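Note that the working numbering numbers the sequence shown so that position 90 is 759, with each residue one more than the last.
In what follows, a single structure is set out as structure tokens and then discussed.
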Amino acid sequence: MATDGDRSIALVAFDLGGTTIHDDGSINRIFVEVAGRHKLAADLDEVQSFQGRTKKEMFHVLATRRHEDWPEAATSLAQEANEEYEQRLITHYRENPPQVVDGTTATMQYLREQDVRVAITTGFWRAILDAILESTGLGELLDASVATDEVSKPKPAPYMIFRAMEQCGITSVRQVVAVGDTPMDCIAGCHAGCGTVIGVLSGTHSRAQLERVPHNFILDSSARVRELIETGRIR
670 MATDGDRSIA
680 LVAFDLGGTT
690 IHDDGSINRI
700 FVEVAGRHKL
710 AADLDEVQSF
720 QGRTKKEMFH
730 VLATRRHEDW
740 PEAATSLAQE
750 ANEEYEQRLI
760 THYRENPPQV
770 VDGTTATMQY
780 LREQDVRVAI
790 TTGFWRAILD
800 AILESTGLGE
810 LLDASVATDE
820 VSKPKPAPYM
830 IFRAMEQCGI
840 TSVRQVVAVG
850 DTPMDCIAGC
860 HAGCGTVIGV
870 LSGTHSRAQL
880 ERVPHNFILD
890 SSARVRELIE
900 TGRIR
């Protein structure tokens, strides 16, 4: 690829749900079902407002609301609910492989042909991430993948991007492109100091919502990243 000092692209870090794979609603639907089983009141609108945070954090917020004066009980309840949620999702994705966003596989293949590393950073835990990578075959296209339980803080902290850089041997954040469908994804890219931050509209957030946070581009989907490179808009 064309080079410009340390500004040549070396790594593209994609979010997973809503960015690389379609979210058919099962993520939030299963969350609400599990929350209900544990008597944690939550509806889809509230879950949507949490988007970009880990589900473990979300369960803890709901459990704290129920046990406001009993933090130990809230922590225990959140842990139980999260464990059930994870197992439900693992089973779901193994039995129902999610659909990869159209054109994203081809874009990842193109990036690798250009000697650009490809990574996934996600709010899912490793067991769920592995189930998705196995069922979709995406794992074969990746140079790195980072799950939320492998860093000290989830997005919008920059640590998943840093971990992906470490796995790929990339030392300059200016050479990293962060791609995601939530405001938290874009903020994480900004916190990491990425050379380019891209929001995509293939998830559950609108253009207006993404425009409120720092970004360089907003695209219809992650498949359009290739066009930015081919036309020299990012390099």
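Quick reminder that beta carbons are idealized off the backbone N, C-alpha and C, glycines included.
As the structure is a computational prediction, the values presented were derived from the model and not from experiment.
Exposed or buried, residue i, counting other C-beta atoms within 10 Å across all chains shown (16 or more means buried)?
| i | result |
| --- | --- |
| D673 | No answer about D673 holds up, because its pLDDT of 40 lies below 50 and its placement is not dependable. |
| G806 | exposed |
| M670 | Note that M670 scores a pLDDT of 38, beneath 50, so its modelled location is shaky and nothing firm can be said. |
| D784 | exposed |
| P740 | exposed |
| R832 | buried |
| K708 | exposed |
| A847 | buried |
| A813 | buried |
| T723 | buried |
Using beta-carbon positions only, say whether residue i and residue j come within less than 8 Å of one another.
| i | j | result |
| --- | --- | --- |
| I867 | V894 | yes |
| A679 | R786 | yes |
| D692 | V701 | no |
| Q778 | L810 | yes |
| V815 | T774 | no |
| A732 | A743 | yes |
| T851 | G872 | yes |
| R904 | S677 | yes |
| H761 | I690 | no |
| G808 | T688 | no |
Which whole-angstrom value describes the C-beta separation of residue i and residue j, a residue pair presumed to lie in contact below a C-beta threshold of 8 Å?
| i | j | result |
| --- | --- | --- |
| S875 | V770 | Going by Cβ atoms, the distance from S875 to V770 rounds to 17 Å, so no, they are not a contact pair. |
| L685 | L798 | 7 Å |
| A788 | A682 | 5 Å |
| A704 | K725 | No, A704 and K725 are not in contact; Cβ-Cβ is about 12 Å, not under 8 Å. |
In the DSSP assignment, the alpha helix (DSSP H) including residue i goes from what residue to what residue?
| i | result |
| --- | --- |
| F728 | K724 to R735 |
| F793 | Note, F793: premise wrong, no alpha helix (DSSP H); not H, not E. |
| L746 | P740 to E764 |
| T774 | T773 to E782 |
| L897 | V894 to E899 |
| L709 | Unbroken run through L709: none, as it is neither H nor E. |
| L888 | Not the alpha helix (DSSP H): L888 falls in the beta strand (DSSP E), residues F886 to L888. |
| L879 | R876 to E880 |
Over the uninterrupted beta strand (DSSP E) stretch that includes residue i, give me the two end residues.
| i | result |
| --- | --- |
| G849 | V845 to G849 |
| L680 | L680 to F683 |
| A813 | A813 to V815 |
| I659 | Summary: the structure shown does not reach residue 659, with the chain confined to residues 670 through 904, and so no result is reported for it. |
| L868 | The amino acid occupying residue 868 in the given sequence is Gly; Leu does not appear at that position. G868 -> beta strand (DSSP E) spans T865 to V869. |
Self-check item: Touch test, the stretch 764-782 against the stretch 791-799, Cβ-Cβ under 8 Å, three pairs minimum
Solution: no
Quiz item: If you pair each beta-carbon of the stretch 854-866 with each one of the stretch 875-892, do three or more pairs fall below 8 Å?
Solution: yes
Quiz item: Is the stretch 698-716 in contact with the stretch 816-831, if contact means three or more CB pairs nearer than 8 Å?
Solution: no
Exercise. Kindly confirm or deny that the stretch 750-764 and the stretch 825-833 touch, where touching means at least three C-beta pairs closer than 8 Å.
Key: no
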